[in-house]
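Engineer: Can you keep this structure in mind? I'll have questions shortly.
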Amino acid sequence: MSPSVIFQIVNTIVLPAWLILIFFPNKSWKNPVINGLTIAMSLVYAFYVVTGLGDLDMESFNELEGVKAMFTTDVAVLTGWVHYLVFDLLVGNWILNQSQKHKINHYLIIPCLLLCFVFGPAGYLVYSIIKVAKTKRLD
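Just so we're on the same page, my numbering is the position in the sequence shown counted from 1, plus 3.
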């Protein structure tokens with residue numbers, strides 16, 4: 004399959020996972036479904052890292068120009084995109100699980116999840132502010 008097709012598939016697969024976090028936060032099957040999905044997407048990521056990135060120059064990670072040069076192929080962009088999707092989803096699930104542990108109202112968490120889905124670290128930041136306000140602790 005082409006990188007474009009895989010891109011469409013991973014984008015389509017990840018959306019229901021975010022809907023589960025938002026609309027079914029307390030279901031017993033939530034964590035196994037999210038974890039299974041992130042493992043499956045991690046396999047896609049690993050496949051493209053091993054087969055598609057070719058000779059990776061580790062020195063390239065030290066300079067912006069080097070990193071920019073790495074993302075000049077469809078496979079490299081797809082690999083990076085899957086990386087973002089997996090980690091954003093993992094952080095979103097972590098936010099939800101932590102919010103439940105700290106008994107934070109789910110309606111306050113929904114904007115954090117939406118931000119995490121679209122802007123990753125911004126969702127984590129907003130959640131962290133809410134959690135510190137509620138618990139008076141940074142841990």
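All C-beta atoms, glycine included, are put in the ideal place defined by N, C-alpha and C.
Measure from the alpha carbon of residue 12 to the alpha carbon of each residue in 111, 81, 112, 141, then state which is nearest.
Structural biologist: Against the sequence shown, residue 12 aligns to sequence position 9. Nearest of 111, 81, 112, 141 to residue 12, Cα basis: 81.
Engineer: If you reduce the DSSP assignment to three classes, tell me which class residue 108 lands in.
Structural biologist: The count along the sequence shown starts at 1 and reaches residue 108 at position 105. Residue 108: coil per DSSP, three-state reduction.
Engineer: Taking the straight line between their C-alpha atoms, what separation do you get for residue 140 and residue 134?
Structural biologist: The residue you call residue 140 lines up with position 137 of the sequence shown. The residue you call residue 134 lines up with position 131 of the sequence shown. Here the alpha carbon of residue 140 sits roughly 8 Å from the alpha carbon of residue 134.
Engineer: Could you compute how far the alpha carbon of residue 3 sits from the alpha carbon of residue 38?
Structural biologist: Residue 3 is absent from the structure shown; the chain starts at 4 and stops at 142.
Engineer: If the criterion is Cβ atoms closer than 7 Å, does the pair residue 116 and residue 129 meet it?
Structural biologist: For the purposes of this step, residue 116 is taken as the residue at position 113 of the sequence shown. For the purposes of this step, residue 129 is taken as the residue at position 126 of the sequence shown. The answer is no: Cβ separation not under 7 Å.
Engineer: Of the choices 110, 96, 45, whose alpha-carbon is the least far from that of residue 83?
Structural biologist: The residue labelled residue 83 in the question sits at position 80 within the sequence shown. Closest by alpha carbon: 45.
Engineer: Scan the region 55-109 and note each continuous alpha helix (DSSP H) run of 4 residues or more that stays entirely inside, going in chain order.
Structural biologist: If we require 4 residues or more, the alpha helix (DSSP H) runs fully inside the region 55-109 come out as 67-73, 77-104.
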